[in-house]
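A.B. asks:
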Amino acid sequence: MLDTDVDFLAIGDITTDAFIRLKDAHVTCAVDKTKCEICLKFADKVPFESVTVVKAVGNSANAAVAAARLGLRSALVSDIGGDQNGSECLEKLREEHVNTSNISRHKTLPTNYHYVLWYGDERTILVKHQEYPYQLPRLSPPPKWIYLSSLGSNSEEYHEEIIGYLVQHPNVKLAFQPGTFQMQLGVKKLAALYKRTEIFICNVEESERITGISSGTNRSEIRTILNALHALGPRIVHVSDGPKGSYVSDARSGRAPVAYFMPIYPDPKPPLERTGAGDAYASTFVAALIRGKELEEAVRWAAINSMSVVQYVGAQEGLLTEEKMEEWLEKAPADYRLRVL
């Protein structure tokens, strides 16, 4: 049960990330650089530079922290084990002013723990989602928004439960940032969820996987992809394209969707590590709209928070407050604006 009114309720798995900084590795890519692999010496002792442990992360946990720092009443529905790692994750979330009253502890299971192979400014994550007995708690009073993201591979029935809750509470709005398993389930099994979605967020590669449409090397089909995602139900669609910028399409008017392109905010220095950049973008975009910001300002906020996150290790340290956000906006270049696609 929620013990207070909540603006932003994130639902999804939580984990601890251990960043292992590699120095003796190399990357090989296909000719078109669409598929790359990190390579280490086989059957050998591979030196590493450092290990940095970051608690209470994951798509939904990152979103809950981002929303809290931007002034929203934020909460998280998630599952943890009965171990010390779980206790430390709870403490970290409470420090960030995230309501943890609906995080379920399972004494006989461990808390998720992932290993991040950090090389250059990119990362490869070794993941293992514990199979928790997912169950939606009684959410009273209902939150204003639910932000749904990554869950484990045993969560199909849990999604049906979430859909049922949304049907029973038509005033609760949904933002959906699908994780790997949610994309594997496919749009048919989650059709009711897509139809109920107010804001949908993913990256270009994920949008291609969901729609079955290739964007092409010059992103010539991006408008077709945006329209295909709208056809599934979402009223606002946001597709990020990493350092190239992002695309957003708005169908709230009831007429043909209007699509836009947004450039990135210039990095003040080369990125240190890119984990959490997409989560920062997605959750900040949603949080800004919840705060009553217009579409353009919401996208501007999103790109700034994403820029800030990649200057630090992990997905949360660089997340900004509204005060810091305004400072970056004041320094924005003249061409940092939304453009009709």
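Here the working numbering is used: the first residue of the sequence shown is 263, the next is one more, and so on.
Positions of the beta carbon are idealized from the N, C-alpha and C atoms, including for glycine.
Values in this document were obtained by computation on a predicted structure and should not be read as measured data.
Near proline 533, which residues of its chain fall below 6 angstroms by C-beta distance, leaving aside the five closest residues on each side in sequence?
C.D. replies: For proline 533, where only same-chain residues beyond five positions count, the Cβ hits under 6 angstroms are Asp383 and Val572.
A.B. asks: Which residues mark the beginning and the end of the beta strand (DSSP E) in which arginine 471 is found?
C.D. replies: It is not in any beta strand (DSSP E) - arginine 471 instead sits in the alpha helix (DSSP H) that spans 466 to 473.
A.B. asks: Have a look at Tyr456, Asp286 and Gly333 and flag the residue whose alpha-carbon is nearest the alpha-carbon of serine 545.
C.D. replies: Checking every option, the nearest Cα to that of serine 545 belongs to Gly333.
A.B. asks: Please go through the segment 504 to 569 and give each complete beta strand (DSSP E) segment of 3 or more residues, from N-terminal end onward.
C.D. replies: You should have 508 to 512 and 520 to 524.
A.B. asks: Quick one: Cα of aspartate 512 to Cα of aspartate 286, how far?
C.D. replies: Looking at the two C-alpha atoms, the distance is approximately 46 angstroms.
A.B. asks: Is it buried or exposed, threonine 537, if we count other Cβ atoms within 10 angstroms and call 16 or more buried?
C.D. replies: Flag for threonine 537 reads buried.
A.B. asks: Is it buried or exposed, phenylalanine 304, if we count other Cβ atoms within 10 angstroms and call 16 or more buried?
C.D. replies: The residue is exposed, with fewer than 16 neighbouring Cβ atoms inside 10 Å.
A.B. asks: Using DSSP with H/G/I as helix, E/B as strand and the rest coil, what is threonine 266?
C.D. replies: Of the three classes helix, strand and coil, the one that applies to threonine 266 here is coil, per DSSP.
A.B. asks: Given a cut-off of 7 angstroms, decide if aspartate 306 and serine 412 are closer than it, judged by their beta-carbon atoms.
C.D. replies: No, the Cβ-Cβ distance between serine 412 and aspartate 306 is not below 7 angstroms.
A.B. asks: Could you pull out every residue in the same chain whose Cβ sits closer than 6 angstroms to the Cβ of serine 366, ignoring the five residues on either side in sequence?
C.D. replies: If we look at serine 366 and ignore the five residues flanking it on each side, its Cβ neighbours are Asp341.
A.B. asks: Check asparagine 361 in the structure and name its three-state DSSP category.
C.D. replies: Residue state, collapsed to three classes: strand.
A.B. asks: Just reading off the alpha helix (DSSP H) that glycine 495 is part of, what are its end residues?
C.D. replies: Where glycine 495 is concerned, there is no enclosing alpha helix (DSSP H), given that its DSSP letter is neither H nor E.
A.B. asks: Could you tell me the distance, in whole angstroms, from the CA atom of glutamine 430 to the CA atom of serine 402?
C.D. replies: About 13 angstroms.
A.B. asks: With serine 322 as the anchor, note down where its alpha helix (DSSP H) starts and where it stops.
C.D. replies: It spans 321 to 331 - the alpha helix (DSSP H) in which serine 322 sits, taken as one unbroken run.
A.B. asks: Applying the criterion that 16 or more other CB atoms from any shown protein chain within 10 Å of the CB defines a buried residue, is proline 399 buried or exposed?
C.D. replies: With fewer than 16 Cβ atoms within 10 Å of its Cβ, proline 399 is classed as exposed.
A.B. asks: In whole angstroms, what is the alpha-carbon distance linking valine 561 and threonine 370?
C.D. replies: The alpha-carbon atoms of valine 561 and threonine 370 are separated by roughly 42 angstroms.
A.B. asks: Which term fits threonine 290, buried or exposed, when burial requires 16 or more other beta carbons within 10 angstroms of its beta carbon?
C.D. replies: Threonine 290 comes out exposed.
A.B. asks: Threonine 290 lies in the beta strand (DSSP E); which residues open and close that run?
C.D. replies: Residues 288 to 291.
A.B. asks: By how many angstroms is the C-alpha of valine 293 removed from the C-alpha of lysine 354?
C.D. replies: Looking at the two C-alpha atoms, the distance is approximately 43 angstroms.
A.B. asks: Would you say tryptophan 563 and methionine 524 are within 7 angstroms of each other, going by their C-beta atoms?
C.D. replies: The answer is no: Cβ separation not under 7 angstroms.
A.B. asks: My understanding is that tyrosine 409 touches alanine 325, with C-beta atoms under 8 angstroms, so please give their C-beta distance in whole angstroms.
C.D. replies: That pair is a contact at about 5 angstroms.
A.B. asks: Less than 7 angstroms between the C-beta atoms of isoleucine 461 and isoleucine 498, yes or no?
C.D. replies: The answer is yes: Cβ separation under 7 angstroms.
A.B. asks: By Cβ distance, which residues of its chain are closer than 8 angstroms to aspartate 269, with the 5 residues on each side in sequence left out?
C.D. replies: Answer for aspartate 269: Ala329, Leu334, Arg335, Ser336, Pro405, Lys406, Trp407 and Ile552, listed in chain order.
A.B. asks: DSSP three-state call for alanine 337: helix, strand or coil?
C.D. replies: Reduced to three states, the DSSP call for alanine 337 is strand.
A.B. asks: Name the two residues that bound the continuous beta strand (DSSP E) containing leucine 388.
C.D. replies: Looking at the DSSP string, the run of the beta strand (DSSP E) that includes leucine 388 is 384 to 388.
A.B. asks: Check each candidate in Arg517, Phe438, Ala521 and Leu271 and name the one with the smallest Cα separation from tyrosine 509.
C.D. replies: Out of Arg517, Phe438, Ala521 and Leu271, Ala521 has the C-alpha closest to the C-alpha of tyrosine 509.
A.B. asks: Would tyrosine 396 and tyrosine 420 be called neighbours here (beta carbons separated by less than 7 angstroms)?
C.D. replies: Yes.
A.B. asks: DSSP on alanine 490, reduced to helix/strand/coil?
C.D. replies: Residue state, collapsed to three classes: helix.
A.B. asks: Quick check on this structure: which residue in Glu467, Ile566, Tyr574 and Ala549 has the alpha carbon closest to the alpha carbon of lysine 297?
C.D. replies: Comparing Cα positions, the closest option is Glu467.
A.B. asks: Could you check where the beta strand (DSSP E) with lysine 593 kicks off and where it finishes?
C.D. replies: Per DSSP, lysine 593 belongs to no beta strand (DSSP E) and is neither H nor E.
A.B. asks: Using 7 angstroms as the threshold, is the C-beta distance between aspartate 541 and asparagine 374 below it?
C.D. replies: No, the Cβ-Cβ distance between aspartate 541 and asparagine 374 is not below 7 angstroms.
A.B. asks: Less than 6 angstroms between C-beta atoms, sequence neighbours within five positions excluded: which residues of the same chain meet that for threonine 314?
C.D. replies: Contacts found: Phe281 and Val575.
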